[in-house]
Amino acid sequence: MSTSQDHPSGTVLDHRAPPAPAGEARETAAVDRADATAAGIEASPPALSTSVQRGADATPRRFRDLLALDDFERHARRRLPPMIFQYVSGAVETGSALRGNLAAYREYALVPQLMRDTAARSQAVTLFGRRYDAPFGVAPLGGAAFVAYRADLVLAGAAAEMNVPMILSASSLIRLEEVQARNRDAWFQAYLAGDQARIDRLVDRVARAGYGTLVVTADTPVLGNREHNTRSGFSMPIRITPRVAVQSALHPRWLLGTVAQTFLRHGPPHFENTEAERGPPMMSQNSLRNTTARDRLAWSHLEAIRRRWKGTLLVKGLLAPGDVAMARECGADGVILSNHGGRQLDHAVAPLDVLPEVVAAKGGMKVIVDSGIRRGTDVIKAMALGADFVLLGRPFLYAAALGGQHGVLHAMRILKEEINRDMALMGLNSLSELTPDMLRRRTAPL
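Here the sequence shown is numbered in the numbering used here, starting from 1 and rising by one per residue.
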C-alpha cells in the first residue's frame, strides 16, 4: 500500500511500499490495465519519470476535462444507461433532501485569516487511533459493482493507495471477505433486521473476516420512495424489458465492460453481504433481497451489538441530537450524520444544518458527516462546524465507472489538492485549527 503526502508547494508526493508478491502484482497489474483500457486511457510505461515524461500520476488524456468532482457526474451521464445513472444520482420523491444537502454548504461563507506561515500545512487526521492522509473517505455504495466493473474492489484499492477509509455496503455484490483482502483497513456497513440471532451471525462473520470497524445503518426501516427508478426503468431485481434492452445496447461500454465481464468472469452477481449467509442473485425474478424486519431494529439491538463487537462501532443515518445522545449511551464510538444522500426521507434536514447541535451532544464520540460534499471548501466548512471527518459516495462511484481505480484515484487527488490549496488560502497548517468563527451565514441565498 502506498501513502500520499502533501508537499508545501501543493505537489503530491507518492511514497511506494515494497512490491507485492509476484502473483499478486501480476493480478493487480492486469486489473489496472483492464481498467485503463475500458476507460480509453493510455497506461504509463514502467519507466523513470523525468521532466519531459508524463509521470504515472499525470492526468490521463480522457480525464483532462475532469477538473472538479461535479465533472465526473457530467461524464458518467453519457457513459451509463439512463436507468443506471438515475439509480446512482436520483433521490426520493421531490428530491428536496438531495437539493438541501448541496444548498446547505452554499449558505456558509469563509472568513480567511491571512499573513500566516502555512508552509508546514498537513491535512492528515487521526481517527479511531489511525492516521489518515486526508479527512475524507468513501461512503458505502450499494450495488456499486453493477455500475462499474468490480467497483467495490476498485474503491477499496484506491482508498488503500490514498490511505483513506472505504466503507463496504451490505448491499454490495462482492463478498466482504474479498474486499477485506484488498484493503485490510476497509470498514463494513450493515443493514440489520430487528432479529438478534440474524444480527449475531452477521456480526460474527464480519469479525472473522478481519474488519475492525462496523457501521450500523439506522435510517432504513423501509426503503425510500424512489420514483426515479420506476421512471427510468430500473428495478430490483432487474427485469429485462424492451426499454432496458435498448438502453443497454445504446451503452455498449457499460454493457460489455461491466455486465458482460462480470457474468463471464464471476457468474451472476449476488447480494453477498446482507446476511451471514449468501443472498439471492441480483437478477433473479424468483427471489428478493432480504429486507424483512428492518423496521424492528431498536436501540436494544445496538446495545447487544456493542457487547458482542470488539472493534470500532459507528451508527450511520442519525440527524436528531437526541438520537446521537442515545448512540453514545449505547456505547457507540462515533456517528455518521447522513440523510442517505437524499435517498430515504424526502425533506429530511441536511446533516450540516444539525452538525453544531450534534457536536454539542457527542461527548467523546467522533462525528462524521456525509451527503452533499463536492468541494474542498465543503470539507473545510464541515470541519469548521465540528465534524471530525467526512464521506463522499456518488462522485467516487462515477469515477469508478469512467476509469476504474485510475478514475477514483484521480477524483481523490482532485479533492485532496483542493483541500491543500484551501488550507493555505484560509491560513491553516492543520485542520484542527478550524473553528466556527471562520464561517459566516450568508444573509441571502446565492
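Glycine included, every Cβ here is placed at the ideal spot set by N, Cα and C.
Residue burial classification, residue i (beta-carbon count within 10 angstroms, cutoff 16)
{"i": "residue 123", "result": "buried"}
{"i": "residue 378", "result": "buried"}
{"i": "residue 316", "result": "buried"}
{"i": "residue 274", "result": "buried"}
{"i": "residue 438", "result": "buried"}
{"i": "residue 250", "result": "exposed"}
{"i": "residue 18", "result": "Residue confidence is low: residue 18 scores 40 on pLDDT, short of 50, so the model does not pin down where it sits. Its coordinate-derived value is still stated next. With fewer than 16 other Cβ atoms within 10 Å, it is exposed."}
{"i": "residue 340", "result": "buried"}
{"i": "residue 239", "result": "exposed"}
{"i": "residue 220", "result": "buried"}
{"i": "residue 347", "result": "exposed"}
{"i": "residue 426", "result": "buried"}
{"i": "residue 246", "result": "exposed"}
{"i": "residue 265", "result": "exposed"}
{"i": "residue 119", "result": "exposed"}
Three-state secondary structure assigned by DSSP to residue i
{"i": "residue 123", "result": "coil"}
{"i": "residue 191", "result": "coil"}
{"i": "residue 350", "result": "coil"}
{"i": "residue 459", "result": "Lying outside 1 to 446, the shown extent of the chain, residue 459 is not represented and no answer is given."}
{"i": "residue 366", "result": "strand"}
{"i": "residue 439", "result": "strand"}
{"i": "residue 83", "result": "helix"}
{"i": "residue 266", "result": "helix"}
{"i": "residue 334", "result": "strand"}
{"i": "residue 168", "result": "strand"}
{"i": "residue 281", "result": "strand"}
{"i": "residue 515", "result": "An answer regarding residue 515 cannot be provided, because it is not within the stretch 1 to 446 covered by the chain."}
{"i": "residue 230", "result": "helix"}
{"i": "residue 36", "result": "Summary for residue 36: the model assigns pLDDT 46, below 50, so the residue's position carries little reliability; its value from the coordinates is reported in the next sentence. Residue 36 falls in the helix class under three-state DSSP."}
{"i": "residue 402", "result": "helix"}
{"i": "residue 72", "result": "helix"}
{"i": "residue 309", "result": "coil"}
{"i": "residue 136", "result": "strand"}
{"i": "residue 432", "result": "helix"}
{"i": "residue 426", "result": "helix"}
{"i": "residue 215", "result": "strand"}
{"i": "residue 392", "result": "strand"}
{"i": "residue 108", "result": "strand"}
{"i": "residue 141", "result": "coil"}
{"i": "residue 317", "result": "strand"}
{"i": "residue 175", "result": "coil"}
{"i": "residue 239", "result": "coil"}
{"i": "residue 28", "result": "Note that residue 28 scores a pLDDT of 44, beneath 50, so its modelled location is shaky; the value from the coordinates is reported in the next line. Note: residue 28 maps to helix in three-state DSSP."}
Given residue i as reference, the closest of the options once Cα atoms are compared
{"i": "residue 130", "options": "342, 312, 410 and 351", "result": "312"}
{"i": "residue 85", "options": "77, 91 and 92", "result": "77"}
{"i": "residue 216", "options": "259, 294, 252 and 254", "result": "294"}
{"i": "residue 187", "options": "318, 302 and 153", "result": "153"}
{"i": "residue 206", "options": "218, 263 and 190", "result": "190"}
{"i": "residue 430", "options": "82, 135 and 92", "result": "135"}
{"i": "residue 93", "options": "121, 203 and 231", "result": "231"}
{"i": "residue 357", "options": "343, 322 and 342", "result": "322"}
{"i": "residue 414", "options": "394, 441 and 375", "result": "375"}
{"i": "residue 68", "options": "373, 345 and 335", "result": "373"}
{"i": "residue 392", "options": "63, 88, 81 and 64", "result": "88"}
{"i": "residue 200", "options": "380, 304 and 242", "result": "304"}
{"i": "residue 214", "options": "425, 61, 359 and 306", "result": "306"}
{"i": "residue 192", "options": "433, 405, 128 and 296", "result": "296"}
{"i": "residue 330", "options": "359, 298 and 125", "result": "298"}
{"i": "residue 277", "options": "198, 91 and 98", "result": "198"}
{"i": "residue 126", "options": "283, 440, 432 and 443", "result": "432"}
C-beta atoms of residue i and residue j nearer than 8 angstroms
{"i": "residue 333", "j": "residue 383", "result": "no"}
{"i": "residue 169", "j": "residue 145", "result": "no"}
{"i": "residue 314", "j": "residue 337", "result": "no"}
{"i": "residue 155", "j": "residue 408", "result": "yes"}
{"i": "residue 325", "j": "residue 361", "result": "yes"}
{"i": "residue 133", "j": "residue 163", "result": "yes"}
{"i": "residue 166", "j": "residue 137", "result": "yes"}
{"i": "residue 301", "j": "residue 196", "result": "yes"}
{"i": "residue 253", "j": "residue 79", "result": "yes"}
{"i": "residue 209", "j": "residue 397", "result": "no"}
{"i": "residue 224", "j": "residue 66", "result": "no"}
{"i": "residue 308", "j": "residue 203", "result": "yes"}
{"i": "residue 159", "j": "residue 183", "result": "yes"}
{"i": "residue 103", "j": "residue 97", "result": "no"}
Any non-hydrogen atom of the ligand NAD closer than 7 angstroms to residue i Cβ
{"i": "residue 86", "result": "What this structure holds is no ligand at all, so the ligand NAD is not there to describe."}
Is there contact here, the segment 343 to 352 with the segment 361 to 375, by at least three beta-carbon pairs under 8 angstroms?
yes
At a cut of 8 angstroms, does the segment 168 to 187 reach the segment 411 to 421 through at least three beta carbon pairs?
no
At least three beta-carbon pairs within less than 8 angstroms, the segment 109 to 118 to the segment 385 to 402
no
Is it the case that the segment 60 to 77 contacts the segment 397 to 408, given that we only count it when at least three CB pairs across the two stretches are under 8 angstroms?
yes
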